[in-house]
Structures are given as C-alpha cells and as structure tokens.
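Under my numbering, the letters of the sequence shown match residues 286 to 546, in that order. Glycine is no exception: its CB is placed at the ideal position from the N, C-alpha and C atoms.
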Amino acid sequence: MNSQSQAKSPERLRAMVAGTLANFQHPTLKHNLTALKALHHVAWLDDTVHIELQMPFVWSSAFEALKEQCSAELLRITGAKAIDWKLTHSIATLKRVKNQPGVNGVKNIIAISSGKGGVGKSSTAVNLALALAAEGAKVGILDADIYGPSIPTMLGAEDSRPTSPDGTHMAPIMKYGLATNSIGYLVTDDNAMVWRGPMASKALMQMLQETLWPDLDYLVLDMPPGTGDIQLTLAQNIPVTGAVVVTTPQDIALIDAKKAS
286 MNSQSQAKSP ERLRAMVAGT LANFQHPTLK HNLTALKALH HVAWLDDTVH IELQMPFVWS
346 SAFEALKEQC SAELLRITGA KAIDWKLTHS IATLKRVKNQ PGVNGVKNII AISSGKGGVG
406 KSSTAVNLAL ALAAEGAKVG ILDADIYGPS IPTMLGAEDS RPTSPDGTHM APIMKYGLAT
466 NSIGYLVTDD NAMVWRGPMA SKALMQMLQE TLWPDLDYLV LDMPPGTGDI QLTLAQNIPV
526 TGAVVVTTPQ DIALIDAKKA S
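The following block contains the structure:
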C-alpha cells in the first residue's frame with residue numbers, strides 16, 4: 286500500500302499530521318502544537334490535505350513559518366498534491382482577579398497603569414492593542430483617563446464622535462481594527478474636565494458598560510496615572526484579567542510604580 290492510500294485513512298492521516306506538527310518548534314511556543322491539542326480538523330479531498338489548527342491564543346505571525354517548515358514534509362509522507370492550511374483561535378476567558386460580572390461581549394480585560402504620568406502608559410496600551418489585533422485577536426481599547434484622554438490623538442481620531450443607535454448606548458469608534466471609546470470623543474481639546482472623583486468614576490463606568498462593544502477577546506484599559514478614585518472604582522467593580530504597570534528606569538518613577546502595583 287503506497288503512502289497516498291495510507292494517508293486517505295482518516296486515522297492514519299491525522300497521525301501523520303500530528304507527528305509532523307510535533308516536530309515543529311517556534312520560539313513563541315513552550316510546547317509543540319500536538320501537545321497544545323491545536324490540530325482541530327484533518328481531511329483528504331481531491332488529492333489535497335486540509336488542515337485546520339485551532340490555537341488557544343492568537344498566533345498569526347508564526348503561521349507562515351509553520352507552513353514553510355511543515356508543508357514539504359507533509360507532501361512527502363502523504364503523497365498529496367497540495368496542503369491547505371487554516372488557522373483559527375479560541376481565546377478563553379482567563380481567571381479573573383475577582384469574581385465580578387463581566388462586560389457584555391468582552392472575554393478579557395487588561396489594565397495598563399502607571400504610578401505617574403509621562404512614562405509611556407498610553408503608548409504601551411495602544412501598541413499592545415494593535416499587536417494583539419495584528420496577531421488575529423478581536424481587540425478594543427477604552428481610554429480610562431478621564432482628565433487627560435490621549436487615545437483619540439494617538440489613533441488620529443480627534444474629530445470622531447460616537448453615535449447612539451438606540452438613544453441609550455454608544456457605538457464605539459473603529460480605528461485600525463480596534464473598537465475604541467474615550468471621553469476625548471465627547472469633549473473638545475479646549476474643554477478641561479474639572480470633575481470631582483465620583484463624577485469621573487461614574488462617567489468611566491458608563492463608557493465601559495454602555496458602549497456597544499463587539500465580541501472582544503481583549504479590552505485594553507488605558508488607566509489614568511496614580512491610585513485615585515478611578516482606579517479604586519475599577520478595582521472594585523471591573524473583572525480585570527491582568528494588569529501591566531509601566532515605568533521608566535529612573536528611581537522616582539520606579540518608586541511610584543511599586544506603589545501603584
């Protein structure tokens with residue numbers, strides 16, 4: 286029996302593919318694809334091996350390397366004329382810091398914070414969101430810095446204004462594949478937000494809960510600097526999956542970062 290006849294057996298074909306994937310090593314992976322149970326579906330159709338991988342995290346940037354390394358070997362051992370690859374992701378809702386009700390449609394919330402301003406917190410938040418989206422995740426970003434919103438400027442969306450399809454909820458501003466919202470979309474640059482803490486916290490909760498977020502794998506929160514009312518409100522009411530504290534290497538910045546964390 287030749288290799289092509291053997292490969293047409295579903296069990297044998299799956300074993301061939303799993304064995305090849307087990308030999309693929311990539312610096313972004315701690316385990317091989319077989320150990321990760323990434324092989325979701327394998328089929329033989331019209332002399333083509335169809336392979337669907339389902340990763341537990343976004344991984345699009347390494348997909349081409351996988352195809353380059355494994356396709357030739359699979360063609361050789363199966364006798365197929367072509368290999369058809371498909372990559373999907375199944376992002377789980379990770380364990381939350383507190384067992385609070387989530388935000389509708391949002392799987393994971395990542396807070397980007399800092400002990401003081403001017404250390405690159407907003408830049409980190411935007412770049413993290415864009416990097417996750419580039420890998421294939423569905424991502425949103427909420428500007429939680431009520432007093433100094435910078436996300437609209439960083440995304441080149443200063444003139445954008447949210448709409449309300451139902452008169453109650455806001456539709457997010459879509460920019461570079463990100464679903465975004467910010468108090469900066471609602472006020473002009475020359476209007477200072479002179480609000481007491483409870484008012485600012487209420488505005489943030491409204492933007493978080495009353496925005497019509499699409500289904501998101503990750504919602505990145507660009508937090509205000511420090512440990513004031515907004516941070517306390519979020520800690521008490523929002524199911525944050527994880528947090529990133531941004532700092533610069535100066536001692537003064539590190540001291541504040543430690544306090545904020």
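Here L314 carries a coil assignment [DSSP, helix/strand/coil]. A direct Cα-Cα distance of roughly 8 Å separates W370 from K352.
Assigned with DSSP and collapsed to three states, E337 falls in strand. The criterion of a C-beta distance shorter than 7 Å is satisfied by V334 and T363.
Inside the stretch 502-545, DSSP marks whole beta strand (DSSP E) runs of 3 or more residues at positions 527-531, from first to last along the chain.
For V505, the closest of T453, D451 and A418 by C-alpha to C-alpha distance is A418.
N466 counts as buried, since at least 16 other C-beta atoms from the protein chains shown sit within 10 angstroms of its C-beta. Separation of the CB atoms of L338 and L324 is rounded to 6 Å, and the pair is thereby assigned contact status at 8 Å. Within the stretch 365-430, the beta strand (DSSP E) runs of at least 3 residues that lie entirely inside it are, in chain order, 367-374, 391-399 and 424-428.
In the same chain as K406, and ignoring 5 residues on each side of it, the C-beta atoms closer than 8 Å to its own belong to I397, S398, S399, D507, M508, P510 and V531, in chain order. The C-beta distance from G421 to S345 rounds to 4 Å, short enough to meet the 8 Å contact threshold.
R481 and Q494 have their C-alpha atoms roughly 20 Å apart. Here G513 is exposed. Its C-beta has fewer than 16 other C-beta atoms within 10 Å. In this structure, A347 places its C-beta atom within 7 Å of the C-beta atom of H311. Every beta strand (DSSP E) stretch that sits fully inside the stretch 440-492 and reaches 3 residues is listed by chain position as 458-460 and 463-467.
Separation of S375 and M340 (C-alpha to C-alpha, rounded to the nearest whole angstrom) is 6 Å.
For the pair P437 and Y470, the CB atoms are nearer than the 7 Å cut-off. In this structure, DSSP gives T363 a helical state, which the three-state scheme calls helix. In the structure shown, A320 falls within a coil segment according to DSSP collapsed to helix, strand and coil.
Nearest neighbour of A488 by Cα position, chosen from I515, L463 and D536, turns out to be I515. Taking C-beta atoms as the reference points, T496 and M459 fail to come closer than 7 Å. Non-local beta-carbon contacts of P457 in its own chain, meaning distances under 8 Å to residues more than five positions away in sequence, involve G425, P447, A464, T465, N466, T496, L497, W498 and P499 in chain order. Our two residues, S356 and I368, have alpha carbons roughly 6 Å apart in a direct line. When only Cα atoms are considered, V327 and I394 end up about 34 Å apart. Under the three-state reduction of DSSP output, L351 falls in the helix class.
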